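Structure first, commentary second.
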Amino acid sequence: MSASLLTPALAWSGYLRRRVDAHPDLAAWLETAARHPVTPNVLAAWQAELAGADAPEILPVDLCREMLRKLRERVFTALMVRDLGGQASLEEVVGAMTALADLAVAAAYRSVAAELAAVHGVPRDPATGAPQEMLILGMGKLGGGELNVSSDIDLIMLYGEEGDTDGPRRISHHEFYGRLTRRMMPVLSEADAHGQVFRTDLRLRPDGDAGPPAWSLDALEHYLVAQGREWERYAWLKARLIPAQAFADSDASAQVRQLESLRVPFVYRKYFDFDALASLRALRERIRQDWQRRALARNGVDSANNIKLGDGGIREIEFVVQLFQLVRGGRMPALQRRGLLAALHAERDAGLIDAEDAQKLEQAYRFLRRIEHALQYREDEQTHLLPGDAAQRERLAAALGMAAGDFERTLADHRAFVAQTFRNAFRLAGMGETEDAPAPAAGTACATGNGEHDAESRLAEQIRAAFGDEADDLLRRAESLLDSHRVRSLPDSSRRRLEALLPAAVQAAQQTPAPRQATVRLFDLIETIAQRSAYLALLAEYPDTLARVARMMAASPWAAQYLTQHPLLLDSLIDWRTLFESLDFAQMAQQLSADLDACKLPDGEPDIERQMNLMRDVQRQASFQLLAQDLEGQLTVEKLADQLSALADMLLAETVRRVWPLVNRQAGATPHFAVIAYGKLGGKELGYASDLDLVFLFDDPREDAAEVYAKLGRRMTSWLSTMTSSGRLYETDLRLRPDGEAGLLAVSVEAFEQYQLKHAWAWEHQALTRARYAAGDTTVGARFERIRAAVLVQPRDTAALRDEVLAMRDKISAGHPNHSGDFDLKHDRGGMVDVEFVTQYLVLCHAGTHRVLVNNLGNIALLRLAGEAGLIPVDLARRAGDAYRTLRRTQHQLRLQGTEKARVPQDQLAEERAAVSELWTRVLGGPAPA
631 MSASLLTPAL
641 AWSGYLRRRV
651 DAHPDLAAWL
661 ETAARHPVTP
671 NVLAAWQAEL
681 AGADAPEILP
691 VDLCREMLRK
701 LRERVFTALM
711 VRDLGGQASL
721 EEVVGAMTAL
731 ADLAVAAAYR
741 SVAAELAAVH
751 GVPRDPATGA
761 PQEMLILGMG
771 KLGGGELNVS
781 SDIDLIMLYG
791 EEGDTDGPRR
801 ISHHEFYGRL
811 TRRMMPVLSE
821 ADAHGQVFRT
831 DLRLRPDGDA
841 GPPAWSLDAL
851 EHYLVAQGRE
861 WERYAWLKAR
871 LIPAQAFADS
881 DASAQVRQLE
891 SLRVPFVYRK
901 YFDFDALASL
911 RALRERIRQD
921 WQRRALARNG
931 VDSANNIKLG
941 DGGIREIEFV
951 VQLFQLVRGG
961 RMPALQRRGL
971 LAALHAERDA
981 GLIDAEDAQK
991 LEQAYRFLRR
1001 IEHALQYRED
1011 EQTHLLPGDA
1021 AQRERLAAAL
1031 GMAAGDFERT
1041 LADHRAFVAQ
1051 TFRNAFRLAG
1061 MGETEDAPAP
1071 AAGTACATGN
1081 GEHDAESRLA
1091 EQIRAAFGDE
1101 ADDLLRRAES
1111 LLDSHRVRSL
1121 PDSSRRRLEA
1131 LLPAAVQAAQ
1141 QTPAPRQATV
1151 RLFDLIETIA
1161 QRSAYLALLA
1171 EYPDTLARVA
1181 RMMAASPWAA
1191 QYLTQHPLLL
1201 DSLIDWRTLF
1211 ESLDFAQMAQ
1221 QLSADLDACK
1231 LPDGEPDIER
1241 QMNLMRDVQR
1251 QASFQLLAQD
1261 LEGQLTVEKL
1271 ADQLSALADM
1281 LLAETVRRVW
1291 PLVNRQAGAT
1301 PHFAVIAYGK
1311 LGGKELGYAS
1321 DLDLVFLFDD
1331 PREDAAEVYA
1341 KLGRRMTSWL
1351 STMTSSGRLY
1361 ETDLRLRPDG
1371 EAGLLAVSVE
1381 AFEQYQLKHA
1391 WAWEHQALTR
1401 ARYAAGDTTV
1411 GARFERIRAA
1421 VLVQPRDTAA
1431 LRDEVLAMRD
1441 KISAGHPNHS
1451 GDFDLKHDRG
1461 GMVDVEFVTQ
1471 YLVLCHAGTH
1481 RVLVNNLGNI
1491 ALLRLAGEAG
1501 LIPVDLARRA
1511 GDAYRTLRRT
1521 QHQLRLQGTE
1531 KARVPQDQLA
1541 EERAAVSELW
1551 TRVLGGPAPA
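Its first residue numbered 631, the sequence shown is counted upward by one per residue in this note's numbering.
Here it is, written out as structure tokens:
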């Protein structure tokens, strides 16, 4: 390294000048050592050099202390020279400091553990007899791999099972790990002639300084479940196990799995937790108010000069990013990142933060961290205060390679943007349109105890006033809700919310077009969610959300039942605007893939149960978004079906990707496999609760192709239809494959082609008119489409085909008898099935001479094309198409009203039925059979 590159560090850092003056060889060493990035491998080499060639594998404690302090000085000075010389990135600086901390903690642990074990013996797992390691968690910036150059390190010390050591002077594991922790800390943090390594802080452990220094995993679990506070979720977000091993033949994998099984659900909750949200709001206010208080006490100087805690500082960037993680991370595993920049990028990719805003936040973070490091290089102090003196600020700017004016302008711009983003954090996170928490709904402060009777009386008066003679059953229902949840001993806060929510629900229902129905359905929902305080809080304290729920309940009993079955969808109602945005399937697919990739067990294997649940949650969320738009009249039936079909296609494609590694045993092989959609999915006419009619095809020369793709098909069917804690993704029907239930689950393309050309029944060719490639290998999909076209354009005996179509229509009618006296929109003559059969017949008869009919465009478009081709009158094609559209729309409206069978009185839809009957007569001859 040239001397000129060393000059910026010497010009700025009094610490470095003093060290070089005292140890002239340090400058010479830096000339060579600072030529290259400071990496973990470089640290390991320096450690070995400092320990000496003859050093034992585990150093005695005194030698370990000395070696670590010398190593720390090397790392600190080398980073300083590289950073201020413009050679080191932020990633190199924080990565090297984190690697140093990991190395130092592991070395101190080994040395002290060996010393203790020599006296007391080794702690062992009672079940296996293997040595039991201590689990050392790095918290905060250490956990996130983001240590600054003069940072404290936050640690939590844990261990597995209780028991006793195996030495002559046996002590309990609790005592062993406690002594180990107490003796480790001075090795790292005590200042001596060689300085110190890291100041250490154990106060993030359960109960802080009042608790034992090391906790068992069982005790930790009890604490997190029973007493874990919201700020601790914030602290545990970055918690990372430091790799450290003191005993040969130990295996901590079981303990690591147990630890992660505690940490992840504690930090990342599947359901929005509105109690947690209130705590996070309070935390944000505390960040602001605490610093403002300190700033006032110091005449405002620190507020302007502190780049970490002041307005627009590093802490505010951290809060914004971690807020999204805490609020959304349980449902979006891709956000579960320990590093701040990685988390920010994940939030940007998920569409939670605008790309431009994310870029500005990152630029601000990088700039502020570089300033932070420069401030700390100056005297090796843990400081975040900018110099108050103008000359010193000019020197700081020069150390960063900037002119003073440019430095001040850049700093001010970054801090202004960060401060504004911090103030708007909850609005950006979709937690309300303003930064202030919404006012609680009226009645939230209802008292318990003697106040219970008064609350119940007021509720009874309200229900009687609203519903008069029809109030009795609602009164009984309300009393039952209150009584049952008193018996269950809900916490006081939940009881108060329940008492507040019931009258608020009645009031909200009265503002809808169907007050009584809305009240009944709201009571059903409240009964379902009453054990979840988070959702009681949402509805009791967010009046606008309760009003939205009431409107949905009034509009559709099917929607009410759907919401009651899947209450996690309530989260979507907070930011109502997002429900009316069009689904971006490309972005959804990208985010789903990232989230599924993040669903891993501690050993790195995929967490299949979490992946299956996540896909179900995504399907519910997207369907609910479409349902909201549907109820507001923003979607036609065709557009809704297109969207639901596209959603199913996306989920099928992801299912293939996730299941393939579970059945394939050939390294590097990709699946030459396609999912073919039939029926409603094939015709892109899917409804909210439709089954998927599927056929699986493959085209692969591998010897075990038939076996492996049959496994893939079985595993896919299980993945889609298994009932998990999040429900079922889709019901599937595979009976349309060649030879039906007697046939192979997955069929080669060649076998499928031969079957369709030589053995398929006419009804199977009818079904093929609505089939399409949906997911999987596009090459296999293209082969299917060519086979489908070849089959559809075959010359046919139209009279024989007509007879077979009529016979099949009779079978359909026999299978769906209607004795109600009403008209069944789908199965009765003049209904939807007649339109579908006529369209299929036209395709099979005429696709050979009118190739446009081969395209799977839907019944309405195909009728129009048939009219344009002169196969049926153009006017009849239009009227029949309009009739089909009306029948579908009416069927859909009846489904939303909870009607099991879509039927209307005989005097309704007469014009539509007449058009369909005329179409049938025109194409298939004679009047449609009655």
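In this text, a Cβ means the ideal position worked out from N, Cα and C, and glycines have one as well. Because the structure is a prediction, the values reported are computed rather than measured.
Secondary structure of residue i, DSSP reduced to three states
i: MET769; result: strand
i: ALA1072; result: Note that ALA1072 has pLDDT 38, beneath the 50 cutoff, so the model's placement of it is unreliable and the number below is only indicative. Coil.
i: TRP845; result: strand
i: MET787; result: strand
i: ARG754; result: strand
i: SER1114; result: helix
i: PRO1535; result: coil
i: PRO1236; result: strand
i: SER891; result: helix
i: PRO761; result: strand
i: PHE877; result: coil
i: THR1352; result: coil
i: ASP1322; result: The residue you asked about is not Asp; residue 1322 is Leu in the sequence shown. Three-state DSSP puts LEU1322 in a strand.
i: ALA1297; result: coil
i: ALA1304; result: strand
i: GLY1497; result: helix
i: GLY1313; result: coil
Residue environment, residue i, which counts as buried when at least 16 other CB atoms sit within 10 Å
i: ASN1486; result: buried
i: ASN936; result: buried
i: ASP1066; result: With a pLDDT of only 40 at ASP1066, under 50, the local geometry of the prediction cannot be trusted, and the value read off the model is given with reservation. ASP1066 should be labelled exposed.
i: ASP1464; result: buried
i: LEU646; result: buried
i: ASP1427; result: exposed
i: GLY1461; result: buried
i: GLN1273; result: buried
i: PRO638; result: buried
i: GLU1262; result: exposed
i: SER643; result: buried
i: ARG699; result: buried
i: GLN857; result: exposed
Member of the options whose CA lies at the smallest distance from the CA of residue i
i: ASP755; options: SER741, TYR789, GLY858, PRO1368; result: TYR789
i: ILE1159; options: ALA1189, ARG1127, GLN1141; result: ARG1127
i: GLN1012; options: GLY1098, ALA1108, GLN1220, LEU777; result: LEU777
i: HIS803; options: GLU792, ARG809, ASP1154, LEU810; result: GLU792
i: ALA1376; options: GLY942, ARG1367, THR1516; result: ARG1367
i: LEU1105; options: ALA1138, PHE1153, ALA1144, ALA1130; result: PHE1153
i: VAL1435; options: ILE783, ASP1019, ALA1392; result: ALA1392
i: VAL650; options: ALA972, ALA708, LEU673; result: ALA708
i: GLY808; options: PHE1037, ALA743, ARG899, ALA1046; result: ALA743
i: ARG961; options: GLN1221, GLU1091, VAL1289; result: GLN1221
i: ALA1252; options: THR1529, TYR1192, GLY644, HIS824; result: TYR1192
i: GLN952; options: ALA973, LYS938, ALA934, LEU939; result: ALA973
i: ALA1510; options: LEU1524, VAL1534, ARG1543; result: ARG1543
i: VAL711; options: ALA1096, VAL779, GLU1361, GLY759; result: VAL779
i: SER1087; options: GLU1129, THR1040, ILE786; result: GLU1129
i: ARG1365; options: THR1347, MET1353, LYS900, SER1202; result: THR1347
The ligand MN heavy atom lying under 7 Å from the CB of residue i
i: ALA1496; result: In the structure on display, the ligand MN does not appear, and there are no ligands present to speak of.
The region 938–946 / the region 841–850 touching (three or more Cβ pairs under 8 Å): No, the region 938–946 does not touch the region 841–850.
Sufficient close CB pairs (3 or more, under 8 Å) joining the region 867–874 to the region 768–786: The region 867–874 vs the region 768–786: in contact.
Inter-stretch contact (C-beta, 8 Å, three-pair minimum) for the region 1370–1385 and the region 1332–1345: These segments touch.
Continuous alpha helix (DSSP H) assignments of at least 4 residues falling wholly in the region 1417–1484: Counting whole runs of 4 or more residues, the region 1417–1484 contains the alpha helix (DSSP H) stretches 1428–1445, 1462–1476.
Stretch-stretch touch, CB-based, cutoff 8 Å, three pairs: the region 662–674 with the region 721–729: The count of Cβ pairs closer than 8 Å, one atom from the region 662–674 and one from the region 721–729, reaches three, so the stretches are in contact.
The region 1226–1239 / the region 881–888 touching (three or more Cβ pairs under 8 Å): As far as the Cβ criterion goes, the region 1226–1239 touches the region 881–888, which means the pair count is three or higher.
Validate contact between the region 1470–1481 and the region 1415–1424 using beta carbons, cut 8 Å, 3 pairs: These segments touch.
Contact between the region 1485–1505 and the region 1399–1418 (3+ Cβ pairs under 8 Å): The region 1485–1505, when compared against the region 1399–1418, does touch it at the 8 Å Cβ threshold.
Whole beta strand (DSSP E) elements within the region 1196–1249, 3-residue minimum: Listed in chain order, there is nothing to give.
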